[in-house]
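Have a look at the structure below, then the notes.
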Amino acid sequence: MRAAAATPRPSGALRYRCPVNGSLVLVTDDETLAGLDRLRARLRCIDCGEMHLLTQEAEIDDATASRNHRRRSLEA
Ligand SMILES: [Zn+2]
429 MRAAAATPRP SGALRYRCPV NGSLVLVTDD ETLAGLDRLR ARLRCIDCGE
479 MHLLTQEAEI DDATASRNHR RRSLEA
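If you read the sequence shown in the working numbering, its first letter stands for residue 429, the second for the next number, and so on.
Here it is in structure tokens:
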């Protein structure tokens, strides 16, 4: 099973890049997202049909926060 790094979206959805064919996949289905509420979860890829291990790094939140902070600074 291949691992894929998932990035949370502001809308509550989750985005990852399929490790098989490189496509960006956006997960918006509530039922699927409910099973992905931890840092590592298995998901059947809707793009290639294989199982992937989705990993969510805690540091992504920090990166998002600093990006938002920079954006605010630019607007000021
Ligand atoms: Zn895939």
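Glycine included, C-beta positions come from ideal geometry on N, C-alpha and C.
Of the residues the options, the one placed nearest residue i, counting alpha carbons only
i    : options                : result
S439 : A431, G463, P447, V455 : V455
P447 : Q484, H480, E485       : H480
Alpha carbon of residue i to alpha carbon of residue j, nearest angstrom
i    : j    : result
A462 : A441 : 10 angstroms
R430 : D458 : 23 angstroms
G450 : Y444 : 9 angstroms
D475 : T460 : 14 angstroms
Ligand 1 heavy atom lying under 7 angstroms from the CB of residue i
i    : result
E478 : yes
V455 : no
D475 : yes
Identity of the residues DSSP links to residue i by a beta bridge
i    : result
V448 : Note: V448 sits in no beta bridge, so no partner.
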